[in-house]
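Peer 1:
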Amino acid sequence: DAGVIQSPRHEVTEMGQEVTLRCKPISGHNSLFWYRQTMMRGLELLIYFNNNVPIDDSGMPEDRFSAKMPNASFSTLKIQPSEPRDSAVYFCASSRKSGTSGNYEQYFGPGTRLTVT
Amino acid sequence: AQSVAQPEDQVNVAEGNPLTVKCTYSVSGNPYLFWYVQYPNRGLQFLLKYITGDNLVKGSYGFEAEFNKSQTSFHLKKPSALVSDSALYFCAVRQLNTGTASKLTFGTGTRLQVTL
Chain G
5 DAGVIQSPRH EVTEMGQEVT LRCKPISGHN SLFWYRQTMM RGLELLIYFN NNVPIDDSGM
65 PEDRFSAKMP NASFSTLKIQ PSEPRDSAVY FCASSRKSGT SGNYEQYFGP GTRLTVT
Chain H
116 AQSVAQPEDQ VNVAEGNPLT VKCTYSVSGN PYLFWYVQYP NRGLQFLLKY ITGDNLVKGS
176 YGFEAEFNKS QTSFHLKKPS ALVSDSALYF CAVRQLNTGT ASKLTFGTGT RLQVTL
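So the protein sequences, as listed, match chains G and H.
To convert, count from 1 in the first sequence and add 4; that's the working numbering.
To convert, count from 1 in the second sequence and add 115; that's the working numbering.
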């Protein structure tokens with residue numbers, strides 16, 4: 005299996021521009037997660053989906069952030085407009101659907117390093 | 116609410132010596148516990164997990180972790196450290212049977228530095 009695929013790996017953009025990050029989960033996985041990692045705040049869960057449905061978006065910092073999962077093999081995280089404080093590494097992860105159990109580990113993609121100038 | 120504490124920002128060990136990376140957790144019910152490792156410029160990689168059963172869990176790369184319910188701890192251990200083990204280690208917890216089915220709570224990470 006190719007693992008979780010994220011694109012682009014690096015993104016440099018100017019403040020005010022729209023940024024779209026993409027993720028392809030592992031085939032057969034039903035849960036998908038978006039995380040943000042910074043030195044100051046560590047690893048933060050932004051949003052997660054079960055069976056393409058958003059379950060918890062309480063970690064999304066503000067309305068400038070949105071995420072979609074139109075099908076089981078693709079998700080996007082969009083920032084519009086972007087700001088310098090959005091600079092971070094954004095990870096996508098997937099796992100088998102946990103339901104009310106939670107014993108399935110998450111598999112992380114390589115991340116997208118976003119720099120907003 | 117569930118939470119995880121990794122009390123050490125960094126652990127320094129000489130190669131060949133045993134290593135321990137500490138983790139304590141807080142949940143209102145039974146926990147699922149995980150350890151992940153992150154190498155520079157990479158995503159997190161799953162190392163091992165405790166779900167139920169034997170308190171000593173063995174994982175990848177010779178790592179193991181011991182679940183201690185009375186101390187609410189899940190320390191990561193390895194009998195003999197390698198320089199290549201140098202990385203950032205994250206502990207994570209999920210509470211059993213919650214409505215937010217899949218959500219893990221991660222610790223702040225502990226940087227392991229193994230020197231010759």
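Heads up, the beta-carbon is just placed ideally off N, CA and C, and yes, glycines get one too.
Can you tell me whether S199 (chain H) is buried or exposed? The criterion is at least 16 other CB atoms within 10 Å of its CB, across all chains shown.
Peer 2: Position 84 of the second sequence, counted from the first residue, corresponds to residue 199 (chain H). Label assigned to S199 (chain H): exposed.
Peer 1: Check for me: the beta strand (DSSP E) holding C138 (chain H) runs from which residue to which?
Peer 2: One-based indexing of the second sequence puts residue 138 (chain H) at position 23. Segment: none, C138 (chain H) is in no beta strand (DSSP E) and carries neither H nor E.
Peer 1: Tell me whether H33 (chain G) is buried or exposed, calling it buried when 16 or more other Cβ atoms sit within 10 Å of its Cβ.
Peer 2: Numbered from its first residue, the first sequence carries residue 33 (chain G) at position 29. Classification of H33 (chain G): buried, given that the 10 Å Cβ count is 16 or more.
Peer 1: Is N7 (chain G) helix, strand or coil when you go by DSSP?
Peer 2: Reading the first sequence from its first residue, position 3 is the one you call residue 7 (chain G). Reading off the sequence, residue 7 (chain G) comes out as Gly, not Asn. If DSSP states are grouped into helix, strand and coil, G7 (chain G) belongs with coil.
Peer 1: Going by DSSP in three states, V57 (chain G) sits in which element: helix, strand or coil?
Peer 2: Along the first sequence, one-based indexing puts residue 57 (chain G) at 53. V57 (chain G): strand per DSSP, three-state reduction.
Peer 1: For chain G, find out if any of its Cβ atoms is closer than 8 Å to the Cβ of T223 (chain H); answer yes or no.
Peer 2: On the second sequence, residue 223 (chain H) is found 108 positions in, with the first residue counted as 1. With 8 Å as the cut-off, T223 (chain H) counts as an interface residue toward chain G.
Peer 1: Could you work out which residues of chain G lie near R157 (chain H), taking near to mean beta carbons separated by less than 7 Å?
Peer 2: Position 42 of the second sequence holds residue 157 (chain H). Correct list: P114.
Peer 1: Taking only three categories from DSSP, how would you classify G177 (chain H)?
Peer 2: For this step, residue 177 (chain H) is matched to residue 62 along the second sequence. Residue state, collapsed to three classes: helix.
Peer 1: Evaluate L171 (chain H) with the Cβ neighbour count: other Cβ atoms within 10 Å of its Cβ, from every protein chain shown; 16 or more gives buried, anything less gives exposed.
Peer 2: Here residue 171 (chain H) corresponds to residue number 56 of the second sequence, with the count starting at 1. The residue is exposed, with fewer than 16 neighbouring Cβ atoms inside 10 Å.
Peer 1: How close, in whole Å, do the beta carbons of G46 (chain G) and T223 (chain H) come, if the pair is a contact with beta carbons under 8 Å?
Peer 2: Start at 1 with the first residue of the first sequence, and residue 46 (chain G) comes out as number 42. Start at 1 with the first residue of the second sequence, and residue 223 (chain H) comes out as number 108. Indeed, because the Cβ distance is near 5 Å, the residues count as touching under 8 Å.
Peer 1: Taking C-beta pairs closer than 7 Å, name the residues in chain G that L219 (chain H) reaches, listed in chain order.
Peer 2: Within the second sequence, the letter at position 104 stands for residue 219 (chain H). Those within 7 Å of L219 (chain H) in chain G are Q110.
Peer 1: Kindly indicate the opening and closing residues of the beta strand (DSSP E) around Q41 (chain G).
Peer 2: Reading the first sequence from its first residue, position 37 is the one you call residue 41 (chain G). From DSSP, the beta strand (DSSP E) with Q41 (chain G) extends over S35 to T42.
Peer 1: Excluding the five sequence neighbours on either side, which residues of its own chain have a C-beta within less than 6 Å of the C-beta of I9 (chain G), listed in chain order?
Peer 2: Here the question's residue 9 (chain G) lines up with position 5 in the first sequence. The residues are K28.
Peer 1: Report the rounded CA-to-CA distance for F37 (chain G) versus S98 (chain G), giving the unit in angstroms.
Peer 2: In the first sequence, the residue the question calls residue 37 (chain G) occupies position 33. In the first sequence, the residue the question calls residue 98 (chain G) occupies position 94. Cα to Cα, the separation comes out at about 6 Å.
Peer 1: Does chain G have any CB closer than 8 Å to the CB of F149 (chain H)?
Peer 2: The sequence position of residue 149 (chain H) within the second sequence is 34, counting from 1. So, interface residue.
Peer 1: Between which two residues does the beta strand (DSSP E) carrying A92 (chain G) extend?
Peer 2: Your numbering for residue 92 (chain G) matches position 88 in the first sequence. It spans A92 to S99 - the beta strand (DSSP E) in which A92 (chain G) sits, taken as one unbroken run.
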